[in-house]
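So the sequence shown is numbered by my numbering: it starts at 3 and just counts up by one. Here's the structure we're looking at; comments come further down.
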Amino acid sequence: PSPMLGDIAIAYETTRREAESEHKPFAHHLSHLAVHGFLHLVGYDHENDADADEMEDLEGTILTSLGVPDPYA
Numbered sequence: 003p004s005p006m007l008g009d010i011a012i013a014y015e016t017t018r019r020e021a022e023s024e025h026k027p028f029a030h031h032l033s034h035l036a037v038h039g040f041l042h043l044v045g046y047d048h049e050n051d052a053d054a055d056e057m058e059d060l061e062g063t064i065l066t067s068l069g070v071p072d073p074y075a
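In structure tokens form, the structure reads like this:
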């Protein structure tokens, strides 16, 4: 059995509003938030520039593999 890593909570209304204001499809923004949350659960953070760059690069790679454009490009 695998250990419980934690929870990811995503507010629908906030996600919808952010997606609209950033002119992104809702599904793409939701995917980005889910990947971002998962990376936090496995230990990534963005407390400094180097960590932020590492996390953003990994997010971009994962999202691209899911057919979602890199949100940082």
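Note that the Cβ used here is the ideal one computed from N, Cα and C, for glycine as well.
* So which of 17, 19, 34 has the shortest CA-CA distance to residue 63? -> 34
* Asked: Could you check where the alpha helix (DSSP H) with residue 52 kicks off and where it finishes?
  -> 51-67
* For the alpha helix (DSSP H) containing residue 23, list its first residue and its last residue. => Taken as a continuous stretch (DSSP letters only), the alpha helix (DSSP H) holding residue 23 covers 14-23.
* **Host alpha helix (DSSP H) of residue 39 (start-end)** => Where residue 39 is concerned, the enclosing alpha helix (DSSP H) stretches over 28-43.
* **Backbone CA spacing between residue 42 and residue 26 [nearest angstrom]** => 23 Å
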